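Each residue of the sequence shown is one higher than the one before, starting from 0 at the first, in numbering that gives the first Met the number 0.
No residue lacks a Cβ here, since even glycine has one placed at the ideal position from N, Cα and C.
This one's a predicted model, so the numbers in the text were calculated from it and none came from an experiment.
Below: the structure, in structure tokens.
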Amino acid sequence: MEEKKLNELTNEELLVLKKKSKSTKVINASIIGFCVGIAGYSLFVAGITWPTIFPLLLAVIAYKYLGKNEKAVDAELKSRNLS
Numbered sequence: 000m001e002e003k004k005l006n007e008l009t010n011e012e013l014l015v016l017k018k019k020s021k022s023t024k025v026i027n028a029s030i031i032g033f034c035v036g037i038a039g040y041s042l043f044v045a046g047i048t049w050p051t052i053f054p055l056l057l058a059v060i061a062y063k064y065l066g067k068n069e070k071a072v073d074a075e076l077k078s079r080n081l082s
């Protein structure tokens, strides 16, 4: 969500978004763990090759971009003193 939309939400809607973010944390961690696991297996079997590097790049991208909305919701809750 954009900052503009987060500012327009009510306190209750923000708290609901925060509760939903708990399940997305598990999904994001699973995606990152899966990518790291594939990279580890590929490293063990074939050494440093493209199949080793690609999942690590995906894990970094997932870590960087999947938590953005969660951080924005946390910042908005903190600005409203709801956390």
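Around the beta carbon of residue 72, 16 or more other beta carbons sit within 10 angstroms, so the residue counts as buried. Within the region 44-68, no run of beta strand (DSSP E) at least 3 residues long lies entirely inside it.
Note that the C-beta distance between residue 27 and residue 65 is below 7 Å. Its chain contains 34, 37 and 38 as the residues whose beta carbon lies nearer than 6 Å to that of residue 54, once the 5 sequence neighbours on both sides are disregarded; these appear in chain order. For residue 9, the secondary structure class from DSSP, reduced to helix, strand or coil, is coil.
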